[in-house]
Structure formats: structure tokens, C-alpha cells
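Protein chains in written order, with the working numbering: chain A, 1 to 56; chain F, 1001 to 1145.
What follows is a single structure, written as C-alpha cells, with notes after it.
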Amino acid sequence: MTHFLVMTSFAALAAVVFGIVAKETQNERVVYGLKVFVEFMVIGLALGWILYFLPF
Amino acid sequence: MSKVEQGRLVDEERAPAQAWAMGAAAWLLPGAGHLLQGKWVRALLLGGAVWICFLAGLWMGGHLFVVKSGEPGSSMLYQLPPMIANLGTGLLYMVSWFMGTGFSDDPVNAARATYEYGNTFLLVAGLLNYLCMLDAFDISAGRKS
């Protein structure tokens, strides 16, 4: 299992729960779930690249 | 007070007890709180997410936390928060405890590349189930649809 696949799985699972729990209508849930998923992925990748260049 | 109003009052008083029961069911078995309220799709999605998160965590070699007293170099303050997070999975945690799965301090397991991922998945499974539990409670109490 690659690191990327683990991160994607984590983001997807968390996004499903956050989307359903946080919003009321189905449309809002889908939009918010996708937003959370994208945020997890973008922040994860950004942090990964920042840490990659750090010398410790 | 009319009989209709009295009936409503009784219903409102009963709702919290039922809501607590739904919350407890949701905590005990991820997905059960919504399932008992007839929310099949939500139960499948929320319960499924928690179950997958937990099983994936165990599969990746993650460690479940329990407070152990008397161990050198360990403090209860370090062990209690992750144990509370792990406890969120209810029966999944308890069954693992009785079976001894995920609780061993195996150095070979800890050396696996996915060990920390597994830990995170197990912690997050419990935390997500706490959210599901609150959702089941709110639905049963009439605060959410």
C-alpha cells in the first residue's frame, strides 16, 4: 500500500463522515464532503513537499 | 393543560431517553444508531467509514492503547487521550481487547512502514464514531433530520 493511497483512503473516509454529519441537505453534504477531501489532499501534499526539503 | 399538550410534553420528555439509547447504540456498534432509526444509507456510509478505518488500521499493524500502570517511562497522561480516542469504536475496541489483537507491543510490528498510519487510522476511527454517535443522538432527539 503506497503512502499516497493511505492518505487518499484517510481523506475519503474522513470526508464521508464530515460531509454527512456537518450538513443538512444532500447537495450540501456532497459539496462539503468533496471540499474536505480536496483540503485533506492538498494540505497533505503541501506538507509532504515542505517536509521533504527540511534537512532533519 | 389539555390532554394533547400533556401528550406532547410526555413525548418531549421521552425523546431524550430514546436519544441517549440511540447514542449508546451508535457508540457500541458503529452504524447501529442510525440503523435502528431506519437511516439505512447513513448507517451504511457512517458505519462503513468507521469499520473500514478501524479494520484498515489493524491491517496496517496499528496499536490500540490502554492505560497500563507501573510501566517505566510511561505516564498515564500519555496513554489516556489515545485510549479515549480508541474507545470511541465501542465493541470493536472491546472485542480486540478480549482477543488481544492490536494491543501487543511487538517491535517487529512497530518497525513496519505502515505502523504509524495504522495508529492514526485506529485513533481516527474512534473519533469519527464519536461524531456519528452525536449525529444519531441529534436525529433521535429531533434536532436534525
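We put the CB at the ideal spot given by N, CA and C, even for glycine.
Quick caveat: nothing in here was measured; it's all calculated off a predicted structure.
Item	Value
Tell me whether the beta-carbon of Leu-1087(F) lies closer than 8 Å to the beta-carbon of Gly-1126(F).	yes
Using 10 angstroms around the beta-carbon of Trp-3(A), count the other beta-carbons present and answer buried if the total reaches 16, otherwise exposed.	Sequence inspection shows His at residue 3(A); the Trp mentioned does not correspond to that position. Answer is exposed; the Cβ neighbour count stays below 16.
I'd like to know whether the C-beta atoms of Ala-1056(F) and Phe-1121(F) end up nearer to each other than 8 Å.	yes
By DSSP, does Ala-11(A) sit in helix, in strand, or in coil?	helix
Using a Cβ-Cβ cut-off of less than 7 Å, list which residues of the stretch 1039–1065 of chain F approach chain A; keep chain order.	Arg-1042, Leu-1045, Leu-1046, Ala-1049, Ile-1052, Cys-1053, Ala-1056
Quick one: list the residues of chain A neighbouring Phe-1103(F), beta-carbon separation under 7 Å, in chain order.	What Phe-1103(F) touches in chain A: nothing, since even the nearest Cβ is about 22 Å away.
At a Cβ cut of 9 Å, what residues of the stretch 1096–1120 of chain F count as close to chain A, listed as they run along the chain?	Ala-1113, Thr-1114, Tyr-1117, Thr-1120
I need the straight-line Cα distance from Pro-1030(F) to Leu-1092(F), nearest angstrom please.	9 Å
For the stretch 1121–1133 of chain F, enumerate the residues whose C-beta is nearer than 8 Å to any C-beta of chain A, in chain order.	Phe-1121, Val-1124, Leu-1128, Leu-1131, Cys-1132
Excluding the 5 residues preceding and the 5 following Leu-5(A) in the sequence, name in chain order all residues of the same chain whose CB lies nearer than 8 Å to its CB.	none
Evaluate the contact criterion for the stretch 1127–1134 of chain F versus the stretch 1058–1067 of chain F: three or more CB pairs, one atom per stretch, below 8 Å.	no
So, at 6 Å on beta carbons, what are the nonlocal neighbours of Met-41(A) in its own chain, with the 5 sequence-adjacent residues on each side left out?	Ala-11
In this structure, how does DSSP classify Gln-1079(F) when only helix, strand and coil are distinguished?	helix
I need the straight-line Cα distance from Lys-27(A) to Leu-1035(F), nearest angstrom please.	This sequence places Asn at residue 27(A); Lys is not what is there. C-alpha separation (whole angstroms): 22 Å.
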